[in-house]
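In full-length UniProt numbering, the protein residues as written are 1 to 162.
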């Protein structure tokens, strides 16, 4: 790694749990991203890295202060700058934690020149699922049709053009 680059380790799919007077992150997986430029890295970059893992929303996005048991919430560029200030010549790694993340799983299939995308939205109500599928469709600029059974807010076998 060059001197102005760093790595993030994103802990996701787990959750924070209280333990005595503190808290720990329990469960999930870890994904890493290396060679990030500390001079150009901001909150939107961090959000994009989390979204690249399939998350569309989360309750808490936090980092762990190096050599402590302190977690600090991330909610803007100012906090990201504070997070980056904890980098040192010896430690160029920051641990990021995603708590209560909601994901959209996309499975792309190509059929006769048409692109079919199956989306599974987890941990959301039916109305939230519908809105998140619309948002994903806008982001990847596709026309979609939602079909299926929804137990909340839809008739069985409902179909809606979005």
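Here a beta-carbon is modelled for each residue, glycine too, at the ideal position from N, C-alpha and C. Since the model is a prediction, treat every value here as computed from it, not as a measurement.
Note down the Cα distance separating residue 74 from residue 20, rounded to an integer number of angstroms.
23 Å
Cβ neighbours of residue 59 in the same chain (closer than 7 Å, five flanking residues each side left out):
Closer than 7 Å at the Cβ level, and outside the excluded window around residue 59, lie 99, 100.
Thinking C-alpha only, which one of 15, 96, 18, 17 is nearest residue 79?
96
Quick check on the burial criterion: 16 or more other C-beta atoms within 10 angstroms. Buried or exposed for residue 94?
Answer is buried; the Cβ neighbour count reaches 16.
With distances taken from CA atoms, which of 88, 131, 85, 69 is nearest residue 23?
69
Considering only the beta carbon of each residue, do residue 42 and residue 82 sit closer than 8 Å?
no
In chain order, what residues of the same chain have a beta carbon less than 7 Å from the beta carbon of residue 53, not counting five sequence neighbours either side?
10, 12, 31
DSSP bridge partner residues for residue 73 (one or two, in chain order):
62
Could you check if residue 110 is buried or exposed, using at least 16 other CB atoms within 10 Å of its CB as the buried criterion?
At residue 110, the pLDDT of 46 sits below 50, so the modelled position is not reliable; the number obtained from the coordinates is stated separately. Exposed, because fewer than 16 other Cβ atoms sit within 10 Å of the Cβ of residue 110.
Given residue 38, which residues of its chain have a CB within under 8 Å of its CB, disregarding the five upstream and five downstream residues?
Excluding five sequence positions before and after residue 38, the CB atoms of its chain that fall closer than 8 Å to its own CB belong to 4, 5, 6, 84, 87, given in chain order.
Can you tell me whether residue 81 is helix, strand or coil according to DSSP?
helix
According to DSSP, is residue 6 helix, strand or coil?
strand
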